[in-house]
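If you read the sequence shown in numbering that gives the first Met the number 0, its first letter stands for residue 0, the second for the next number, and so on.
Quick notes on the structure that follows.
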Amino acid sequence: MKVGIFGANGRMGRVLIEAVQNEQSAQLAAATVREDSPWVGMNVGELAGVGKLSIDCCAVDTLNPADIDVMIDFTLPAALAQNLAWCKENQKPVVIGTTGLSNEQMSVLKEAATQIPVVFAANYSVGINVMLALVRQAASALGSSADIEITEAHHRFKKDAPSGTAMAIGEAIADELDRDLSQCAVYGREGHEPERDQETIGFATVRGGDIVGEHTAMFADIGERLEITHKASSRLTFANGAVRAAKWLTSKPAGLYSMKDVLNLAD
């Protein structure tokens, strides 16, 4: 499997290079940076700290589609449209881990998936995707009486809040309880407020230091509390999951897939 990576100079881009290098059945074929980036022409391996490799960083418009089987994109939302346009034009599957997408950007992604295979997930950790299945079970059993709160913590550089993963956890719980998250989510509490509405789902966000990612879904009832927590200690966790998704995606027809499909997790 010949893999191309959009955004090689980003934090996740560099880790993805390492993950592809570690995967025996994958070969790093290309890695892009912005066309005006000072990283254009730099050796990809030296950029990622894995030793010199046979390819250099390039701009998207200089990619050779004949060299690539699948692309992986963990760039910023602003780059999504250009990256998807290249994948559509060249009929290349793409794994997308970009979070913080607007409704318009999600529409662009969904339209692309009518023409090419796309895996889109807020989090590519296998553990997080098992957690998404577990919170559905907890919601089904406890959601009618428990107060539900979601907390998440990430490094100081993360721009979107709550995290895409926290929102995915909330969506899974709300879907299981037949609630509309856009109507029942509470994103902050301050001052004197009325008694908590049991139908709401609360979110709390922490940003600091180099925290890779921590998420907890709490189901708090009178007399007992269930907490389901996932903690990531290395970005390789996410990168390895994305490479796994890329391997799975290369044999699939056009469509929008999730890590639940990749891992064959039941609803």
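Just so it is clear, CB atoms sit at the ideal spot from N, CA and C, and this is done for glycine as well.
Here the structure is a predicted model, which means the values were calculated and not measured.
For residue j and residue i, the rounded distance between their alpha carbons
| i | j | result |
| --- | --- | --- |
| A25 | K1 | 6 Å |
| R224 | Q197 | 14 Å |
| N89 | T249 | 14 Å |
| K157 | A219 | 28 Å |
| V211 | N239 | 15 Å |
| T113 | T236 | 29 Å |
| V69 | V261 | 15 Å |
Other residues of its chain near residue i: CB distance less than 6 Å, five sequence neighbours each side excluded
| i | result |
| --- | --- |
| E175 | R135, A138, S139 |
| V257 | Per the sequence presented here, residue 257 reads as Ser, with Val not at that position. Cβ within range, chain order: A120. |
| A167 | A121 |
Where residue i falls, given that 16 or more other Cβ within 10 Å makes a residue buried
| i | result |
| --- | --- |
| N122 | buried |
| H191 | exposed |
| I67 | buried |
| D146 | buried |
| R178 | buried |
As assigned by DSSP and simplified to three states, the class of residue i
| i | result |
| --- | --- |
| V117 | strand |
| M217 | strand |
| N21 | helix |
| T199 | coil |
| L264 | coil |
| N8 | coil |
| A249 | Before going further, note that residue 249 is Thr rather than Ala in the sequence given. Coil. |
| R206 | strand |
| V43 | helix |
Beta-carbon proximity list for residue i, same chain, < 8 Å, skipping 5 on both sides
| i | result |
| --- | --- |
| G6 | G12, T31, V32, D72, F73, T74, L75, A78 |
| L108 | L79, L83, I95, L100, V117, F119, L255 |
| K251 | P92, P116 |
Same chain, Cβ closer than 7 Å to residue i, five either side skipped, listed in chain order
| i | result |
| --- | --- |
| A47 | R13, I16, E17 |
Continuous alpha helix (DSSP H) assignments of at least 4 residues falling wholly in the region 119–175
125–141, 163–175
Let me know the alpha helix (DSSP H) ranges lying completely inside the region 46–114, each 4 residues or longer, listed in chain order.
79–89, 102–111
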